[in-house]
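Take a look at the structure below.
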Amino acid sequence: MSKVDILWVDDEIDFLKPHILFLEQKGFTIHVANNGNEALDMIEANNFDIVLLDENMPGLSGLEV
Numbered sequence: 228m229s230k231v232d233i234l235w236v237d238d239e240i241d242f243l244k245p246h247i248l249f250l251e252q253k254g255f256t257i258h259v260a261n262n263g264n265e266a267l268d269m270i271e272a273n274n275f276d277i278v279l280l281d282e283n284m285p286g287l288s289g290l291e292v
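Numbering (our numbering), first residue to last: 228 to 292.
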């Protein structure tokens, strides 16, 4: 499997740690952002294969991103 880069955006990323660890064990590379603005900066600077967004975040929501 080729390397798959995932950006996971959530203001409560600590709750997702078990899922992140699982995906990393399966060979995925996980990057995290804590808010919509940080996600946009990361997306501008990187080429992610998948972006997972929390719909309800303070500031920019996942839908706005």
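Ideal placement from N, C-alpha and C gives every residue a C-beta, glycine not left out. Here the structure is a predicted model, which means the values were calculated and not measured.
Burial state of residue i (16 or more Cβ within 10 Å)
i, result
"residue 248", "exposed"
"residue 272", "exposed"
"residue 268", "exposed"
"residue 237", "buried"
For residue i, three-class secondary structure by DSSP
i, result
"residue 267", "helix"
"residue 287", "coil"
"residue 241", "helix"
Beta-carbon proximity check, residue i vs residue j, cutoff 8 Å
i, j, result
"residue 357", "residue 276", "Since the first residue of the chain shown is 228 and the last is 292, residue 357 is not available in this structure."
Which listed residue (the options) has its alpha carbon closest to that of residue i
i, options, result
"residue 256", "246, 265, 262 and 263", "246"
"residue 231", "238, 291, 251 and 292", "251"
"residue 229", "259, 254 and 292", "254"
Nearest-angstrom Cβ-Cβ length linking residue i and residue j, presumed shorter than 8 Å
i, j, result
"residue 287", "residue 264", "6 Å"
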